[in-house]
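**Q** Take a look at the following structure, please.
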Amino acid sequence: MNENTLKPPAEKVNILLVDDQPAKLMSYEVILRELNENLLVANSGKEALEQLLKNDVAVILVDVCMPELDGFQLASMIRAHPRFEKTAIIFISAVQMSDEDRIKGYSMGAVDYVPVPVVPEVLRAKVRIFTDLYRKGQQFEKLNVELEQRVAERTAKLNESEQRLRLSIDIARLGTWDWKIDTDEMNWSDSFYKIVGYAVDEIKPSYNAWRDRVHPDDIDLVESQMRKAIAEHLPFRATYRLLRSDGTIIWCESSRHYEYNQQGEPVRMIAVVMDVSDHKRSEEHQRLMVRELHHRVKNTLATVQAIASSTARSAPDMESFLNSFADRIVSLSKTHTLLVTNNWDKISLHDLLVSELGTYDNNAQERIILDGPSIDLASDTALSLGMAIHEMTTNAAKYGALSSPDGSIHVSWSSQNQTSGKILSLSWQEAGGPEVAHPKRKGFGSQLIEKVLVAQIGAQVDMNYLKHGLQCKISLPLERHALKKIAA
Numbered sequence: 109m110n111e112n113t114l115k116p117p118a119e120k121v122n123i124l125l126v127d128d129q130p131a132k133l134m135s136y137e138v139i140l141r142e143l144n145e146n147l148l149v150a151n152s153g154k155e156a157l158e159q160l161l162k163n164d165v166a167v168i169l170v171d172v173c174m175p176e177l178d179g180f181q182l183a184s185m186i187r188a189h190p191r192f193e194k195t196a197i198i199f200i201s202a203v204q205m206s207d208e209d210r211i212k213g214y215s216m217g218a219v220d221y222v223p224v225p226v227v228p229e230v231l232r233a234k235v236r237i238f239t240d241l242y243r244k245g246q247q248f249e250k251l252n253v254e255l256e257q258r259v260a261e262r263t264a265k266l267n268e269s270e271q272r273l274r275l276s277i278d279i280a281r282l283g284t285w286d287w288k289i290d291t292d293e294m295n296w297s298d299s300f301y302k303i304v305g306y307a308v309d310e311i312k313p314s315y316n317a318w319r320d321r322v323h324p325d326d327i328d329l330v331e332s333q334m335r336k337a338i339a340e341h342l343p344f345r346a347t348y349r350l351l352r353s354d355g356t357i358i359w360c361e362s363s364r365h366y367e368y369n370q371q372g373e374p375v376r377m378i379a380v381v382m383d384v385s386d387h388k389r390s391e392e393h394q395r396l397m398v399r400e401l402h403h404r405v406k407n408t409l410a411t412v413q414a415i416a417s418s419t420a421r422s423a424p425d426m427e428s429f430l431n432s433f434a435d436r437i438v439s440l441s442k443t444h445t446l447l448v449t450n451n452w453d454k455i456s457l458h459d460l461l462v463s464e465l466g467t468y469d470n471n472a473q474e475r476i477i478l479d480g481p482s483i484d485l486a487s488d489t490a491l492s493l494g495m496a497i498h499e500m501t502t503n504a505a506k507y508g509a510l511s512s513p514d515g516s517i518h519v520s521w522s523s524q525n526q527t528s529g530k531i532l533s534l535s536w537q538e539a540g541g542p543e544v545a546h547p548k549r550k551g552f553g554s555q556l557i558e559k560v561l562v563a564q565i566g567a568q569v570d571m572n573y574l575k576h577g578l579q580c581k582i583s584l585p586l587e588r589h590a591l592k593k594i595a596a
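Here you go:
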């Protein structure tokens, strides 16, 4: 039996959708249905508050522009309630928000912002991040409650109970420290020594020893939260940065339980610390990926729009437009597939040429001749060059070498180092096709080469309409447009 089948399914959490327009609410429900969570809807700020009084909510999606209570006012009222101080609020706006509006939104408690039109994958990714964080927060809170109950219920068998507690903490890979405040006696667990980067007993545990390891930018906030927890006899929970003994910075989540004497003075503190650095890095990576995805989608839509516009201007009728447009979108899709396979980092020039020309080769592999060293293209260069290769291939199939059974295409390339960086030199030579004549007007392919290759990526293009076949020489920079990978 598969081990995964023994695990119970994760309990669904509530996601509240707030918008005064039913059509938009329905679209958000359709987008988020894949997450398999409970979706609650509210058509106004008042309905949203009523839902929050009845339900615990992991994430709230709020439309910024609503009558009566707008998104900012609603977020402020939600944050004023202790139950929802840390609930994730995501603003959705169909209008362009200024930096001032964004700052205002974040000050009201928003954790993210999604513009309209909503990209379904981006919205699902953002909501999934915060639902996962909500679940993990609940799990951590349950652990804190269990620890607090154990401390409160300690009996004459305290030593035995503490051993069991230490064992469970070691299994969970948590660090602990026990501070008897009235005597200033402190003990750190072996795992806590490891968290702060020391060998066991390498330094003497003390409040100052811990304080020296807290990041200078976080210590004031942490100590302020400590004083509040002691004054109000509340459990202490905080997330802050620690400086390890080797100088590296880690993120920790800490929970503390205080015991008090009859006069209400703290006499003992038990702390639990978890290293959450991996989780913090994962959050940051997700945010970078979402921003990068947004950037990619906008660029792709702009490219499609340009293709549609140029194809429409050069097509004699609707059928020709549809066929040409579909072919160009398929070409763009091929290049995108190669980029996705390579994590949007780079594409082999040879692979790019094969994706366009490979279907025209014969079994003897003598119609298409590719000759050159291994060269990788950055994503923006690959997209532009891929479209140009597609246009030349289509032209060769209709009017040039590939329209004749005896025709062939020889593509050769090389790279040279120049003062401005590496330069790619590519030569396209057709032979064996119909006699070539200089075109009377510029088609889409010629326009694309001029506007995309020349204007966008700084290429130099030399087109020669020789009688025995088209010759095209392209020279372009290899390094100027290199795309940096997102840091993992």
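Read left to right, the sequence shown gives residues 109 to 596 (my numbering).
Note that CB positions come from ideal geometry on N, CA and C, so glycine has one too.
Since the structure is predicted, the reported quantities are computational estimates derived from the model, not experimental observations.
#1: Under a three-way DSSP split, which group does Pro190 fall into?
#2: Among Trp521, Gln564 and Ile557, which one has its Cα closest to the Cα of Asp570?
#3: Ignoring anything shorter than 3 residues or poking outside the segment 458–530, list the beta strand (DSSP E) runs there in chain order.
#4: Which class does His323 belong to by DSSP, given the choice of helix, strand or coil?
#5: Please classify Ile197: is it buried, with 16 or more other beta-carbons within 10 angstroms of its beta-carbon, or exposed?
#6: Can you check whether the CB of Val121 is closer than 8 Å to the CB of Ala166?
#7: Using the Cα positions of Ala183 and Tyr214, report the straight-line distance between them to the nearest angstrom.
#8: With a Cβ-Cβ cutoff of 8 Å, do Gly153 and Met174 count as a contact?
#9: For Val224, count neighbouring Cβ atoms within 10 angstroms of its own Cβ and tell me buried if that reaches 16, exposed if not.
#10: Taking just the CA atoms, how far does Asp459 sit from Ser516?
#11: Residue ranges of each alpha helix (DSSP H) run of no fewer than 4 residues wholly in the segment 291–325, ordered along the chain?
#12: Measure the Cβ-Cβ separation of Glu538 and Ala505 and say whether it is below 8 Å.
#13: Whose C-alpha, out of Lys194, Pro374, Ala496 and Val304, is nearest the C-alpha of Ile289?
#14: In whole angstroms, what separates the C-alpha of His518 from that of Thr239?
#15: By the three-class DSSP mapping on this structure, what secondary structure does Met185 have?
#16: Could you check where the alpha helix (DSSP H) with Glu158 kicks off and where it finishes?
#17: Taking the beta strand (DSSP E) that Leu578 falls in, what are its first and last residues?
#18: On a CA-only basis, which of Ile358, Arg376, Asn369 and Ala379 is nearest Lys388? Give me that one, please.
#19: Note down the Cα distance separating Glu361 from Asp484, rounded to an integer number of angstroms.
#20: Let me make sure I understand the geometry here. Which of Ser314, Asp514, Lys581 and Ala339 has the alpha-carbon closest to that of Trp536?
#21: Taking the alpha-carbon positions, what's the Asp178 to Thr195 distance?
#22: From Asp354, Met382, Pro324 and Ser463, pick the residue whose C-alpha is nearest to that of Ala346; which is it?
#23: Using 10 angstroms around the beta-carbon of Tyr315, count the other beta-carbons present and answer buried if the total reaches 16, otherwise exposed.
#24: Rounded to whole angstroms, how far is the Cβ of Gly540 from the Cβ of Ser512, which I believe are closer than 8 Å?
#25: Rounded to a whole number of angstroms, what is the C-alpha to C-alpha distance between Gln579 and Tyr573?
#26: Which of the three DSSP states, helix, strand or coil, is assigned to Ile289?
#27: Helix, strand or coil for Gly245 per DSSP?
#28: Would you give the residue range spanned by the beta strand (DSSP E) that Glu361 belongs to?
#29: Does the beta-carbon of His576, which I'm using as the reference point, lie nearer than 7 Å to any heavy atom of the ligand NAP?
#30: Taking the beta carbon of Asn295 as the centre, do at least 16 other beta carbons fall within 10 Å, making it buried, or is it exposed?
#31: Does the beta-carbon of Gly283 have 16 or more other beta-carbons within 10 angstroms, so that it is buried, or is it exposed?
#32: Can you list, in chain order, the residues of its chain whose CB lies under 6 Å from that of Gly566, leaving out five sequence neighbours each side?
#33: Whose C-alpha, out of Ile338, Ser385 and Ser353, is nearest the C-alpha of Ile378?
#34: Assuming Val380 contacts Leu255 (C-beta within less than 8 Å), just tell me the rounded distance between them.
#35: When the cut-off is 8 Å and only beta carbons count, does Glu499 lie next to chain C?
#36: Answer with buried or exposed for Ile168, where buried requires no fewer than 16 other C-beta atoms within 10 angstroms of its C-beta.
**A** Let me spell this out:
#1: For the purposes of this step, residue 190 is identified with residue 82 of the sequence shown, where counting begins at 1. Under the three-state reduction of DSSP output, Pro190 falls in the helix class.
#2: Position 462 of the sequence shown, counted from the first residue, corresponds to residue 570. Closest option to Asp570, Cα to Cα, is Ile557.
#3: For the segment 458–530, whole beta strand (DSSP E) runs of length 3 or above, ordered along the chain, are 476–479, 484–486 and 516–526.
#4: As a working mapping, residue 323 is identified with position 215 in the sequence shown. It is coil, neither helix nor strand.
#5: Your numbering for residue 197 matches position 89 in the sequence shown. Ile197 comes out buried.
#6: To locate residue 166, count along the sequence shown from 1; it is residue 58. To locate residue 121, count along the sequence shown from 1; it is residue 13. The answer is yes: Cβ separation under 8 Å.
#7: Here residue 183 corresponds to residue number 75 of the sequence shown, with the count starting at 1. Here residue 214 corresponds to residue number 106 of the sequence shown, with the count starting at 1. The straight-line gap from Cα to Cα measures roughly 10 Å.
#8: To locate residue 153, count along the sequence shown from 1; it is residue 45. To locate residue 174, count along the sequence shown from 1; it is residue 66. Using a Cβ distance threshold of 8 Å, Gly153 and Met174 count as a contacting pair.
#9: Indexing the sequence shown from 1 puts residue 224 at position 116. Exposed, since its Cβ has fewer than 16 Cβ neighbours within 10 Å.
#10: Translated into the one-based positions of the sequence shown, residue 516 becomes position 408. Translated into the one-based positions of the sequence shown, residue 459 becomes position 351. In a straight line, the C-alpha of Ser516 is about 19 Å away from that of Asp459.
#11: Entirely contained in the segment 291–325, the alpha helix (DSSP H) runs reaching 4 residues are, in chain order, 298–304 and 315–321.
#12: As a position in the sequence shown, residue 538 is number 430, starting the count at 1. As a position in the sequence shown, residue 505 is number 397, starting the count at 1. Not a contact, by the Cβ cut-off of 8 Å.
#13: The residue given as residue 289 occupies position 181 in the sequence shown. Distances from the CA of Ile289 to each of Lys194, Pro374, Ala496 and Val304 were compared; the closest alpha carbon is that of Pro374.
#14: Counted from its first residue, the sequence shown places residue 518 at position 410. Counted from its first residue, the sequence shown places residue 239 at position 131. If you take the alpha carbons of His518 and Thr239, they lie about 55 Å apart.
#15: As a first step, residue 185 must be located in the sequence shown, where it is residue number 77. Assigned with DSSP and collapsed to three states, Met185 falls in helix.
#16: Start at 1 with the first residue of the sequence shown, and residue 158 comes out as number 50. That run of the alpha helix (DSSP H) goes Gly153 to Lys162.
#17: Translated into the one-based positions of the sequence shown, residue 578 becomes position 470. It spans Gly577 to Pro585 - the beta strand (DSSP E) in which Leu578 sits, taken as one unbroken run.
#18: The sequence position of residue 388 within the sequence shown is 280, counting from 1. Comparing Cα-Cα distances from Lys388 to each of Ile358, Arg376, Asn369 and Ala379, the minimum goes to Ile358.
#19: Sequence index remark: in the sequence shown, residue 361 carries index 253 (1-based). Sequence index remark: in the sequence shown, residue 484 carries index 376 (1-based). Each residue's alpha carbon lies about 43 Å from the other.
#20: Residue numbering aside, residue 536 sits at position 428 when the sequence shown is read from its first letter. For the residues Ser314, Asp514, Lys581 and Ala339, the minimum Cα distance to Trp536 belongs to Lys581.
#21: For the purposes of this step, residue 178 is taken as the residue at position 70 of the sequence shown. For the purposes of this step, residue 195 is taken as the residue at position 87 of the sequence shown. Spanning the two alpha carbons is a distance of roughly 18 Å.
#22: Taking the sequence shown and counting its residues from 1, the one referred to as residue 346 is at position 238. Out of Asp354, Met382, Pro324 and Ser463, Met382 has the C-alpha closest to the C-alpha of Ala346.
#23: The residue given as residue 315 occupies position 207 in the sequence shown. Burial call: exposed.
#24: Position 432 of the sequence shown, counted from the first residue, corresponds to residue 540. Position 404 of the sequence shown, counted from the first residue, corresponds to residue 512. Correct: roughly 6 Å between the Cβ atoms.
#25: Residue mapping note: residue 579 aligns to position 471 of the sequence shown, counting from 1. Residue mapping note: residue 573 aligns to position 465 of the sequence shown, counting from 1. It is roughly 6 Å from the alpha-carbon of Gln579 to the alpha-carbon of Tyr573.
#26: As a position in the sequence shown, residue 289 is number 181, starting the count at 1. Here Ile289 sits in coil by DSSP.
#27: Residue mapping note: residue 245 aligns to position 137 of the sequence shown, counting from 1. Gly245 falls in the helix class under three-state DSSP.
#28: On the sequence shown, residue 361 is found 253 positions in, with the first residue counted as 1. From DSSP, the beta strand (DSSP E) with Glu361 extends over Ile357 to Tyr368.
#29: Ligands displayed in this structure: none; no statement on the ligand NAP is therefore possible.
#30: The residue labelled residue 295 in the question sits at position 187 within the sequence shown. Counting the other Cβ atoms within 10 Å of the Cβ of Asn295 gives fewer than 16, which makes it exposed.
#31: If you number the sequence shown from 1, residue 283 lands on position 175. It is buried - the Cβ of Gly283 has at least 16 other Cβ atoms within 10 Å.
#32: The residue you call residue 566 lines up with position 458 of the sequence shown. Within the same chain, Gly566 has close Cβ partners Pro585.
#33: Sequence index remark: in the sequence shown, residue 378 carries index 270 (1-based). Among Ile338, Ser385 and Ser353, the Cα nearest to that of Ile378 is on Ile338.
#34: Within the sequence shown, residue 380 is the residue found at index 272, counting from 1. Within the sequence shown, residue 255 is the residue found at index 147, counting from 1. Rounded, the Cβ-Cβ distance is 6 Å, consistent with contact.
#35: No chain C appears in this structure, which consists of one protein chain only.
#36: Reading the sequence shown from its first residue, position 60 is the one you call residue 168. Ile168 should be labelled buried.
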